[in-house]
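Chemist: Keeping their order, the protein sequence lines are chains A and B.
Numbered as in the working numbering, the first sequence ends at 394 without a single skipped number.
Numbered as in the working numbering, the second sequence ends at 394 without a single skipped number.
Sharing a structure below in structure tokens format, with a few things to ask.
2 protein chains.
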Amino acid sequence: MKNFEYYTPTKVVFGKGTENEVGKLILQETKDACVLVHYGSGSVKRTGLLDRICKSLDDAGIKYVTLGGVVPNPRLSKVYEGIELCKKEGINFILAVGGGSVIDSSKAIGYGVANEGDVWDFYDYKRVPEACLPIATVLTIAAAGSEMSDSSVITKEEGWIKRGVSADCSRCRFAIMNPELTMTLPDYQTSSGEVDIIMHTLERYLGQGKNMNITDEISEGLIRTVIKNAKILVKDPSNYDARAEIMWAGSLSHNGLTGCGVESMDWASHQLEHELGGMFDVAHGAGLAAVWPTWARYVVDANPARFAQLADKVFGISDKGSDMANALAGIDAMEQVFRDINMPVTLTELGLKDLTDEQIDELAEKCSFGQTRTIGGVKALNKADMINIYTKAR
Amino acid sequence: MKNFEYYTPTKVVFGKGTENEVGKLILQETKDACVLVHYGSGSVKRTGLLDRICKSLDDAGIKYVTLGGVVPNPRLSKVYEGIELCKKEGINFILAVGGGSVIDSSKAIGYGVANEGDVWDFYDYKRVPEACLPIATVLTIAAAGSEMSDSSVITKEEGWIKRGVSADCSRCRFAIMNPELTMTLPDYQTSSGEVDIIMHTLERYLGQGKNMNITDEISEGLIRTVIKNAKILVKDPSNYDARAEIMWAGSLSHNGLTGCGVESMDWASHQLEHELGGMFDVAHGAGLAAVWPTWARYVVDANPARFAQLADKVFGISDKGSDMANALAGIDAMEQVFRDINMPVTLTELGLKDLTDEQIDELAEKCSFGQTRTIGGVKALNKADMINIYTKAR
Numbered sequence: 001m002k003n004f005e006y007y008t009p010t011k012v013v014f015g016k017g018t019e020n021e022v023g024k025l026i027l028q029e030t031k032d033a034c035v036l037v038h039y040g041s042g043s044v045k046r047t048g049l050l051d052r053i054c055k056s057l058d059d060a061g062i063k064y065v066t067l068g069g070v071v072p073n074p075r076l077s078k079v080y081e082g083i084e085l086c087k088k089e090g091i092n093f094i095l096a097v098g099g100g101s102v103i104d105s106s107k108a109i110g111y112g113v114a115n116e117g118d119v120w121d122f123y124d125y126k127r128v129p130e131a132c133l134p135i136a137t138v139l140t141i142a143a144a145g146s147e148m149s150d151s152s153v154i155t156k157e158e159g160w161i162k163r164g165v166s167a168d169c170s171r172c173r174f175a176i177m178n179p180e181l182t183m184t185l186p187d188y189q190t191s192s193g194e195v196d197i198i199m200h201t202l203e204r205y206l207g208q209g210k211n212m213n214i215t216d217e218i219s220e221g222l223i224r225t226v227i228k229n230a231k232i233l234v235k236d237p238s239n240y241d242a243r244a245e246i247m248w249a250g251s252l253s254h255n256g257l258t259g260c261g262v263e264s265m266d267w268a269s270h271q272l273e274h275e276l277g278g279m280f281d282v283a284h285g286a287g288l289a290a291v292w293p294t295w296a297r298y299v300v301d302a303n304p305a306r307f308a309q310l311a312d313k314v315f316g317i318s319d320k321g322s323d324m325a326n327a328l329a330g331i332d333a334m335e336q337v338f339r340d341i342n343m344p345v346t347l348t349e350l351g352l353k354d355l356t357d358e359q360i361d362e363l364a365e366k367c368s369f370g371q372t373r374t375i376g377g378v379k380a381l382n383k384a385d386m387i388n389i390y391t392k393a394r
Numbered sequence: 001m002k003n004f005e006y007y008t009p010t011k012v013v014f015g016k017g018t019e020n021e022v023g024k025l026i027l028q029e030t031k032d033a034c035v036l037v038h039y040g041s042g043s044v045k046r047t048g049l050l051d052r053i054c055k056s057l058d059d060a061g062i063k064y065v066t067l068g069g070v071v072p073n074p075r076l077s078k079v080y081e082g083i084e085l086c087k088k089e090g091i092n093f094i095l096a097v098g099g100g101s102v103i104d105s106s107k108a109i110g111y112g113v114a115n116e117g118d119v120w121d122f123y124d125y126k127r128v129p130e131a132c133l134p135i136a137t138v139l140t141i142a143a144a145g146s147e148m149s150d151s152s153v154i155t156k157e158e159g160w161i162k163r164g165v166s167a168d169c170s171r172c173r174f175a176i177m178n179p180e181l182t183m184t185l186p187d188y189q190t191s192s193g194e195v196d197i198i199m200h201t202l203e204r205y206l207g208q209g210k211n212m213n214i215t216d217e218i219s220e221g222l223i224r225t226v227i228k229n230a231k232i233l234v235k236d237p238s239n240y241d242a243r244a245e246i247m248w249a250g251s252l253s254h255n256g257l258t259g260c261g262v263e264s265m266d267w268a269s270h271q272l273e274h275e276l277g278g279m280f281d282v283a284h285g286a287g288l289a290a291v292w293p294t295w296a297r298y299v300v301d302a303n304p305a306r307f308a309q310l311a312d313k314v315f316g317i318s319d320k321g322s323d324m325a326n327a328l329a330g331i332d333a334m335e336q337v338f339r340d341i342n343m344p345v346t347l348t349e350l351g352l353k354d355l356t357d358e359q360i361d362e363l364a365e366k367c368s369f370g371q372t373r374t375i376g377g378v379k380a381l382n383k384a385d386m387i388n389i390y391t392k393a394r
């Protein structure tokens with residue numbers, strides 16, 4: 001087992017009605033909180049959630065201002081707007097009401113307020129953030145895992161560049177997770193989140209060389225759980241327990257637990273998707289589903305035993321005669337899961353049927369940082385590999 | 001899934017050589033630390049670990065005093081000694097170098113310094129601790145899980161009463177875990193720790209009524225991991241990876257993860273053992289192994305389906321014709337695991353072959369708090385049940 005650090009200070013408050021505790025929880029963190037309530041497209045207004053949260057803050061005597069308008073693949077311009085608002089209003093605490101996009105936007109605003117200079121520097125890997133305003137969340141989407149992770153992904157409109165930064169100081173102080181709040185999501189968003197959750201685990205799992213025990217057991221159990229309950233939600237979207245299982249799996253998938261002690265990870269699917277999200281604004285999980293099967297078949301020969309273990313432990317496939325045959329059958333099975341939950345498994349199905357060779361070249365050029373980096377732990381992929389994968393995934 | 005809270009702020013620094021980071025980690029927590037280095041029987045001196053830690057503190061310019069002498073089933077008198085020393089020396093940080101006993105003693109000292117009045121009040125359930133000195137640990141035994149848990153168990157010599165208290169404020173700021181440090185343990189202590197780890201998971205698992213997914217998957221995977229690697233260590237005590245798997249499982253077993261969303265827990269085995277530990281000073285895990293099979297057979301009829309799930313998922317036993325038959329075969333299999341790792345499965349094997357009926361009555365009287373409480377989630381056990389179990393376990 002490789003040396004590792006594990007740090008998850010976020011207090012999770014999970015279950016029905018927990019959003020009403022938000023005022024009390026903020027007071028436990030800071031007595032003189034002046035809060036930015038940050039949210040997305042307005043669905044939290046329509047459902048009445050924002051009103052309930054504001055009431056909880058009012059009841060606790062907490063001052064706050066609101067800022068909505070965060071979109072999927074959250075934008076740098078909104079981050080700048082939030083930073084300015086926070087400085088003007090003397091904000092010292094950010095409450096993200098929404099999913100990963102809103103939390104990521106909140107973290108970016110938190111960096112921008114707590115550090116000098118242009119916040120994009122952190123996402124452009126020019127500087128490392130030293131501090132962040134305290135962040136907390138009322139989570140409404142099970143997907144990104146940002147509620148317990150140290151990461152934030154922002155898209156800069158100029159050039160449509162999507163980049164992530166990770167720092168412990170941005171980890172949420174608390175995360176309120178009521179699975180009922182995810183029930184108003186469109187089915188497509190629910191499925192997209194489920195793929196993201198599976199991928200956060202798979203990308204830590206598949207880069208591993210040697211057999212692990214506890215981390216493998218947790219990862220395999222987590223993926224089985226998400227697949228089982230995702231299929232339940234296709235037929236019964238209001239199933240509370242299935243929503244709860246997936247919501248909690250989403251946090252555990254990306255809080256570091258599934259990476260403890262692993263030798264290497266492989267974030268190639270995420271990185272390939274980031275360029276799709278940046279340029280075409282696709283739903284993140286759907287983008288992952290459209291890329292992963294092609295990526296997996298492209299790299300499987302570099303570690304067939306590991307893919308075969310996935311096939312065995314998650315799908316019960318171990319009778320195909322060789323590691324490679326089992327591995328390929330496991331990839332087919334995962335692809336079928338995506339189909340079963342109505343996710344795209346090609347770029348055409350993702351809605352990019354007219355993707356040109358020039359656009360693919362641009363995606364790969366960006367993803368390779370102008371041919372200055374390779375990506376992936378199973379197999380290192382350069383720009384030519386990226387072009388191959390995007391092309392095969394079409 | 002039942003509502004739950006999950007809070008594990010302890011920063012884990014896991015792997016070879018990590019104990020040398022202790023000075024740096026304390027400085028990250030507090031710039032003007034004045035540290036009590038608390039330890040046990042002197043084995044940390046013999047192995048040179050204490051010297052390495054003191055060097056790390058010296059190198060970081062950190063002031064400290066040392067206090068050894070913590071014994072298994074840590075004593076209240078040592079806690080009082082530590083509180084007095086801390087007050088005299090102006091200690092503001094406690095570093096526990098050892099296993100659960102040393103960490104628990106440190107937490108108790110931390111309560112005693114940070115709160116007015118007699119610290120035993122908290123263990124006697126008369127008051128709730130409001131604060132605790134910051135605690136951290138360099139862990140040398142994989143067992144109690146105290147390095148990430150909120151609990152502390154102390155034995156009061158007057159009447160030999162062993163009691164636990166739980167509070168978030170006592171959770172370790174960081175836990176340094178180098179599996180190599182556990183290699184100097186006697187085999188009996190290694191096995192005893194493994195039983196404790198299994199029990200921390202089982203006692204959360206077996207009280208559950210309905211089938212869970214993610215928490216069950218994690219619990220079952222954790223128990224499989226400990227059993228597999230415990231058997232490896234019987235033959236190969238210096239196997240680093242096996243030690244690492246068990247050490248990390250020990251923390252995950254008791255940091256709350258295996259209890260997330262469960263309907264009810266069952267701590268009866270721990271409570272029955274606490275009285276044995278208090279009166280006869282037996283090794284904690286060995287005491288659990290000596291009690292659990294009898295307890296399990298005594299309560300299995302209250303929830304055979306749950307025990308059958310354990311039999312199936314951990315031992316692959318599902319062919320006995322009924323839930324009850326599978327359940328009983330699963331209990332037999334767990335008992336055999338204890339035997340395989342040279343643990344006692346009766347009180348006689350534990351070394352209490354001359355246990356009298358009067359002593360059993362005293363154990364049950366204490367365990368039932370003078371017949372004012374029942375224990376257990378699978379089946380509520382009163383004093384008469386406790387007498388039955390202790391007697392059958394003889």
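Backbone N, C-alpha and C fix where the C-beta goes; we use that ideal spot for every residue, glycine too.
No experiment lies behind these values; they were computed from the predicted model shown.
(1) In this structure, does DSSP put LEU310 of chain A in helix, strand or coil?
(2) Could you tell me whether the Cβ atoms of GLU19 of chain B and LEU49 of chain B are closer together than 8 angstroms?
(3) Are the segment 346-359 of chain B and the segment 251-258 of chain B in contact at 8 angstroms, needing three or more beta carbon pairs?
(4) Thinking C-beta only, is ILE197 of chain B closer than 8 angstroms to ALA283 of chain B?
(5) May I ask you to list, following chain order, the residues of the segment 4-26 of chain A that have a beta carbon less than 9 angstroms from some beta carbon of chain C?
(6) Output needed for MET177 of chain B: all residues of its chain with C-beta closer than 6 angstroms, excluding positions within five of it in sequence on either side, in chain order.
(7) Alpha carbon to alpha carbon, how far is CYS86 of chain A from TYR80 of chain A? Give it in angstroms, no decimals.
(8) Classify SER264 of chain B as buried or exposed, calling it buried when 16 or more other Cβ atoms lie within 10 Å of its own Cβ.
(9) In the DSSP assignment, find the unbroken alpha helix (DSSP H) run with ALA283 of chain B in it and report its ends.
(10) Who are VAL162 of chain B's beta bridge partners in DSSP?
(11) Might you give, ordered along the chain, the residues of its own chain that have their beta carbon closer than 7 angstroms to the beta carbon of ILE479 of chain B, omitting 5 neighbours on each side?
(12) Any heavy atom of the ligand NAD within a distance shorter than 7 angstroms of the CB on GLY250 of chain A?
(13) Starting from ALA244 of chain B, find everything on chain A with Cβ-Cβ shorter than 8 angstroms and list it in chain order.
(14) Under 6 angstroms Cβ to Cβ from LEU25 of chain A, same chain only, skipping five residues before and after it: list those, please.
(15) By Cβ distance below 8 angstroms, which residues in the same chain neighbour ASP236 of chain B in space, the five residues on each side in sequence not counted?
(16) Using a Cβ-Cβ cut-off of less than 7 angstroms, give me the residues of the segment 205-236 of chain A that come near chain B, in sequence order.
(17) Please classify ILE135 of chain B: does DSSP put it in a helix, a strand, or coil?
(18) Could you tell me whether any Cβ in chain B is nearer than 8 angstroms to the Cβ of ALA249 of chain A?
(19) Give the DSSP bridge partners of ARG339 of chain A, in chain order.
(20) Kindly give me the distance between the Cβ atoms of ASN442 of chain B and LYS162 of chain B, rounded to whole angstroms, as I take these residues to be in contact under 8 angstroms.
(21) Beta-carbon separation of CYS172 of chain B and ALA131 of chain B under 8 angstroms?
(22) With a cut-off of 8 angstroms on the beta carbons, I'd call TRP295 of chain B and MET199 of chain B a contact; round off their distance for me.
(23) Along the beta strand (DSSP E) that carries LEU67 of chain B, what are the first and last residues, could you check?
(24) Can you confirm whether the segment 34-50 of chain A touches the segment 41-56 of chain B when touching is taken to mean that 3 or more C-beta pairs between the two stretches lie within less than 8 angstroms?
(25) Just tell me which of B:ARG306, B:GLY285, B:ASP323, B:ILE109 has its CA closest to the CA of GLN208 of chain B.
(26) Exposed or buried, ARG339 of chain A, counting other C-beta atoms within 10 Å across all chains shown (16 or more means buried)?
(27) Judging by CA-CA distance, which residue of B:ASP104, B:ASP118, B:VAL65 is the nearest neighbour of THR137 of chain B?
(28) Taking all protein chains shown into account, decide if TYR125 of chain A is buried (16 or more other Cβ within 10 angstroms of its Cβ) or exposed.
(29) Look at ILE331 of chain A and ARG297 of chain A and say whether their C-beta atoms are less than 8 angstroms apart.
(30) Got a sec, what are the start and stop residues for the beta strand (DSSP E) GLY98 of chain B sits in?
(31) Please determine if the segment 216-235 of chain B and the segment 107-127 of chain B are in contact, where contact requires at least 3 C-beta pairs separated by less than 8 angstroms.
(32) Identify each residue in the segment 178-206 of chain B for which the Cβ-Cβ distance to at least one residue of chain A is less than 7 angstroms, and report them in chain order.
(33) Where DSSP assigns a beta bridge to ALA175 of chain A, which residues make up the other side?
(34) Please report the straight-line C-alpha distance between LYS313 of chain A and PRO304 of chain A, rounded to a whole angstrom.
(35) Please name the residue or residues paired with CYS34 of chain A in a DSSP beta bridge.
(36) Could you compute how far the alpha carbon of SER149 of chain A sits from the alpha carbon of THR346 of chain B?
Modeler: Once the coordinates are examined:
(1) Here residue 310 of chain A refers to the residue found at position 310 of the first sequence. LEU310 of chain A: helix per DSSP, three-state reduction.
(2) As a position in the second sequence, residue 19 of chain B is number 19, starting the count at 1. As a position in the second sequence, residue 49 of chain B is number 49, starting the count at 1. Cβ atoms of GLU19 of chain B and LEU49 of chain B: closer than 8 angstroms.
(3) no
(4) By 1-based counting over the second sequence, the position of residue 283 of chain B is 283. By 1-based counting over the second sequence, the position of residue 197 of chain B is 197. Their beta carbons are not under 8 angstroms apart, which means ALA283 of chain B does not touch ILE197 of chain B by this criterion.
(5) Of the protein chains in the structure, A and B, none is chain C.
(6) Within the second sequence, the letter at position 177 stands for residue 177 of chain B. PHE14, LEU139, MET247, listed in sequence order.
(7) Here residue 80 of chain A corresponds to residue number 80 of the first sequence, with the count starting at 1. Here residue 86 of chain A corresponds to residue number 86 of the first sequence, with the count starting at 1. One C-alpha to the other measures close to 10 angstroms.
(8) Here residue 264 of chain B refers to the residue found at position 264 when the second sequence is read from its first residue. Exposed is the call here.
(9) Mapped onto the second sequence, residue 283 of chain B falls at position 283. Taken as a continuous stretch (DSSP letters only), ALA283 of chain B belongs to no alpha helix (DSSP H), as it is neither H nor E.
(10) Here residue 162 of chain B refers to the residue found at position 162 of the second sequence. A quick correction: the sequence has Lys, not Val, at residue 162 of chain B. Paired residues: B:THR155.
(11) Residue numbering for chain B in the displayed model covers 1 to 394; residue 479 of chain B lies beyond these limits and cannot be assessed.
(12) This structure lacks the ligand NAD, and indeed carries no ligand of any kind.
(13) Taking the second sequence and counting its residues from 1, the one referred to as residue 244 of chain B is at position 244. Simply MET1, GLY261.
(14) In the first sequence, the residue the question calls residue 25 of chain A occupies position 25. Result list for LEU25 of chain A: PHE174, in chain order.
(15) Translated into positions along the second sequence, residue 236 of chain B becomes position 236. Correct list, in chain order: ALA242.
(16) ASN213, ILE214, GLU217, ILE218, GLY221, LEU222, ARG224, THR225, LYS228, ASN229
(17) As a working mapping, residue 135 of chain B is identified with position 135 in the second sequence. Looking at ILE135 of chain B - three-state DSSP - the assignment turns out to be strand.
(18) In the first sequence, the residue the question calls residue 249 of chain A occupies position 249. Yes, ALA249 of chain A lies at the interface with chain B (some Cβ there is under 8 angstroms from its Cβ).
(19) The sequence position of residue 339 of chain A within the first sequence is 339, counting from 1. None, per the DSSP bridge assignment.
(20) No answer is possible for residue 442 of chain B: the residues shown for chain B start at 1 and end at 394.
(21) Working through the second sequence from its first residue, we reach residue 172 of chain B at position 172. Working through the second sequence from its first residue, we reach residue 131 of chain B at position 131. Not in contact: CYS172 of chain B and ALA131 of chain B (Cβ atoms no closer than 8 angstroms).
(22) By one-based count along the second sequence, residue 295 of chain B stands at place 295. By one-based count along the second sequence, residue 199 of chain B stands at place 199. Between MET199 of chain B and TRP295 of chain B the Cβ distance is about 10 angstroms, and since that is not below 8 angstroms, they are no contact.
(23) The sequence position of residue 67 of chain B within the second sequence is 67, counting from 1. Segment 63-67, the beta strand (DSSP E) holding LEU67 of chain B.
(24) no
(25) For the purposes of this step, residue 208 of chain B is taken as residue 208 along the second sequence, with counting starting at 1. If we check each option's Cα against that of GLN208 of chain B, B:ARG306 comes out closest.
(26) What you label residue 339 of chain A is simply residue 339 of the first sequence in a count that begins at 1. ARG339 of chain A should be labelled exposed.
(27) Within the second sequence, the letter at position 137 stands for residue 137 of chain B. Considering only alpha carbons, the answer is B:ASP104.
(28) In the first sequence, counting from the first residue as 1, residue 125 of chain A sits at position 125. So TYR125 of chain A counts as exposed.
(29) In the first sequence, counting from the first residue as 1, residue 331 of chain A sits at position 331. In the first sequence, counting from the first residue as 1, residue 297 of chain A sits at position 297. Yes, the Cβ-Cβ distance between ILE331 of chain A and ARG297 of chain A is below 8 angstroms.
(30) Taking the second sequence and counting its residues from 1, one reaches residue 98 of chain B at position 98. Counting along the chain, the beta strand (DSSP E) containing GLY98 of chain B begins and ends at 93-98.
(31) no
(32) none
(33) Start at 1 with the first residue of the first sequence, and residue 175 of chain A comes out as number 175. BP columns for ALA175 of chain A point to A:VAL12, A:THR137.
(34) In the first sequence, residue 313 of chain A corresponds to position 313, counting from 1. In the first sequence, residue 304 of chain A corresponds to position 304, counting from 1. Looking at the two C-alpha atoms, the distance is approximately 14 angstroms.
(35) Taking the first sequence and counting its residues from 1, one reaches residue 34 of chain A at position 34. Answer by DSSP bridge pairing, in chain order: A:LYS63.
(36) In the first sequence, residue 149 of chain A corresponds to position 149, counting from 1. In the second sequence, residue 346 of chain B corresponds to position 346, counting from 1. Approximately 46 angstroms, taken between the alpha carbons.
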